[in-house]
């Protein structure tokens, strides 16, 4: 059973279509990256999942059940546009938000104290948000998102406003939540986050989903049997019918870097074998496309073949 | 439902726990009694300080007899004016009045010589003293005696009775009392709606600008949030008003008591007890007359359908608040700051202001006119106008119609406001005009 299944969801506004027949499937206990440029429709999709707005058509099931009002307590949502009540004490704030999610006051009290203790900030209980720094407020906001132990956590640009130390702390917490059984949706532009954390991704562009799959699948889809080789001396000749030298440049002295594309079917081991005979190898790696390259390429409107070609060259 | 209760509770506590709430709740009822207290204090002090002034009088007309008044003690002197002036300088008395010989028909040439500038009251009091005497002289000249004069005094009072057309029941009434009741209740409703309506708007803007709102609406429906806020703030308002009324009453009574002025209730009791042994005191005549007035007022007051007025007041108080409250919430949701709110706030406050103005111009003057009728029927003006009319007796069908329309009115505004609100709270940085509001309203969720 998937954590979340979105099928053919469409949302229209007066002047434009915000989501056009979008379907995504999010496996349980995974970290799922929802990618796309600004205005692509990510926030609309997230708001629909949170039942803040309604879809025009399409089906959504959450843990096997059609999405309904009871699911509000199952989801933890950290919106991109977020904030807290400025004049309200942190303690009251956490209690209020947790109770709105359906926790009892006693439970909320216990959990909020535990989280503040975990972040070693128990003395914040009586402080107001306006007395905290932005990073501190973000921590409180994160606590309020996950305090009710949601099975589905939706984080929209979670790391904006965090310094690297706190970003690391939050990352560890997110991984811990996943390990305890939560499913996490990341909506982000930060590709290093996607490379580091996400198991699966979907790319939404201009209201449509244009790519979905596990990170490995996506990368495999765009691999082109291109290798990056560093070697001493540039005098080697490879069979031009089987290899194409895309680029060659000097690194230092007689150390060269060569990007070469092998014909389909040639395995890396075979490439190494052939190279060893002809040159002094210094390093060898398959050139896998980065998520950033795939993202930019697809969003800029290249079709898959053009993108693959583009990816060899960058 | 449980979540609305949570929101109501939060909104209530947020405001009640603030220092400013405590401050305004305690200070406002103190302000009026304090002003009153200060004024009474000044008057009392002044009258204590005012001593009787000694005035020398040189009466060359020889027409007057001098009797000391509460302000002045007269010392009659004789001799030349110049000698009198010299003597006055060293006497330390307040002033020297010179009265030249004069014709009764044309009294003039009276002079007051004094070291310090006399006050207007002092001049007036002196003038009055002489005028009284000269008038008496004239009356004697015209052969009118005091008895004839007393017999000329006339006092007619119309007893007001309203007769109910259907039941035929006759009731004593008082326009003054009806005016007073309508005046106070109308102003209370106007103030309450405006003050707390703006608080709702402020609260919505705060949630929007602090961006906490998207987190909240992922847990509750926007409509629940709006309703919770409106009701929460209403309960703050009701609490504050109750405290104000109780405190003002208490403080006013104690201030009055402190200065030896009795509260109406006390006065009432005393007057009634005095009435018993009134017969053997002929000096009580005027007091008895006053007694009658007071009794009449108390009687008229008791003739008012107080329970009905109270019930109607509470209904229109809450109805008006709910009608306007949701509109204020919608305005708050549409804008990013209180400054931007001005342009949308005006069309909302306008009908409220019209109701308020017409309370004085139309409704209180003539509660039964056609204009008053319509003002108290149309939901936007009815909360203020109807309580302005209620003491004068409003036919049951009019009241029922007005109440029904008010309920329909606030359901309608809440519905309209809710549709704008749910879109507005998630829109930041949009330039909003009426067209945009209409679009939001039409947006299907």
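Protein chains in written order, with the numbering used here: chain A, 541 to 854; chain B, 163 to 607.
Ideal Cβ positions, reconstructed from N, Cα and C, are used throughout, including at glycine.
Note that the structure is a prediction, hence the values are computed from the model and not measured.
Distance CB(residue i)-CB(residue j) smaller than 8 Å
i	j	result
residue 814 of chain A	residue 778 of chain A	yes
residue 710 of chain A	residue 699 of chain A	yes
residue 597 of chain A	residue 565 of chain A	no
residue 570 of chain A	residue 723 of chain A	yes
residue 374 of chain B	residue 841 of chain A	no
residue 261 of chain B	residue 226 of chain B	yes
residue 703 of chain A	residue 675 of chain A	yes
residue 863 of chain A	residue 745 of chain A	With chain A covering 541 to 854 only, the question about residue 863 of chain A has no answer from this structure.
residue 618 of chain A	residue 659 of chain A	no
residue 219 of chain B	residue 240 of chain B	no
residue 523 of chain B	residue 343 of chain B	no
residue 717 of chain A	residue 758 of chain A	no
residue 356 of chain B	residue 496 of chain B	no
residue 838 of chain A	residue 168 of chain B	no
residue 281 of chain B	residue 259 of chain B	no
residue 582 of chain A	residue 576 of chain A	yes
residue 614 of chain A	residue 668 of chain A	no
Close Cβ partners of residue i (< 6 Å) along its chain, the five nearest in sequence each way excluded
i	result
residue 579 of chain B	488, 489, 491, 492
residue 235 of chain B	214, 216
residue 581 of chain B	603
residue 341 of chain B	526
residue 776 of chain A	818, 819
residue 648 of chain A	635, 638, 639
residue 620 of chain A	696, 697
residue 521 of chain B	348, 546, 550
residue 494 of chain B	363, 366, 367
Simplified DSSP state of residue i, which is helix, strand or coil
i	result
residue 440 of chain B	Only weak support exists for where residue 440 of chain B lies, its pLDDT of 46 falling under 50; the value from the coordinates is given anyway. Coil, per DSSP.
residue 616 of chain A	strand
residue 592 of chain B	coil
residue 783 of chain A	strand
residue 596 of chain A	coil
residue 355 of chain B	helix
residue 606 of chain A	strand
residue 449 of chain B	In this prediction, residue 449 of chain B scores a pLDDT of 49, lower than 50, which makes its location untrustworthy; no coordinate-derived value is stated.
residue 276 of chain B	strand
residue 611 of chain A	helix
residue 374 of chain B	coil
residue 773 of chain A	coil
residue 765 of chain A	coil
residue 627 of chain A	coil
residue 752 of chain A	strand
residue 235 of chain B	strand
residue 699 of chain A	coil
residue 666 of chain A	coil
residue 528 of chain B	coil
residue 531 of chain A	Absent from the structure is residue 531 of chain A, since the part of chain A shown begins at 541 and ends at 854.
residue 579 of chain A	coil
residue 553 of chain A	coil
residue 337 of chain B	helix
residue 126 of chain B	Residue 126 of chain B is absent from the structure shown; chain B starts at 163 and stops at 607.
residue 221 of chain B	strand
residue 347 of chain B	helix
residue 548 of chain A	strand
Contact set for residue i: own chain, Cβ-Cβ below 8 Å, skip 5 residues either direction
i	result
residue 378 of chain B	369, 387
residue 396 of chain B	358, 480, 483, 484, 487
residue 836 of chain A	none
Cutoff 7 Å; reference residue i; Cβ partners in own chain excluding five residues on either side
i	result
residue 296 of chain B	266, 269
residue 795 of chain A	770, 772, 822
residue 828 of chain A	759, 763
residue 560 of chain A	550, 747, 748
Per DSSP, the bridge partner or partners of residue i
i	result
residue 572 of chain A	A:725, A:740
residue 759 of chain A	Residue 759 of chain A is not bridged to any residue.
residue 825 of chain A	A:768
residue 215 of chain B	B:234
beta-carbon residue i near the ligand GDP non-hydrogen atom, thresh 7 Å
i	result
residue 551 of chain A	In the structure on display, the ligand GDP does not appear, and there are no ligands present to speak of.
Taking Cβ-Cβ distances below 9 Å as the criterion, which residues of the segment 488 to 501 of chain B are in contact with chain A?
none
Using a beta-carbon distance cut-off of less than 8 Å, what residues from the segment 272 to 297 of chain B approach chain A?
none
Listed from N- to C-terminal order along the chain, which residues in the segment 549 to 572 of chain A have their beta-carbon within a distance smaller than 8 Å of any beta-carbon of chain B?
553, 554
Could you name the residues of the segment 577 to 599 of chain A whose beta carbon sits closer than 9 Å to any beta carbon of chain B, in the order they occur along the chain?
587, 590, 591, 592, 593, 594, 596
To be precise: take each residue of the segment 348 to 361 of chain B, compare its Cβ to all Cβ atoms of chain A, and keep it if any distance is under 9 Å. Which residues remain?
none
Could you run through the segment 366 to 389 of chain B and flag, in chain order, every residue whose CB is less than 9 Å away from some CB of chain A?
368, 369, 371, 372, 373, 374, 375, 376, 377, 378, 379, 380, 381, 382, 383, 384
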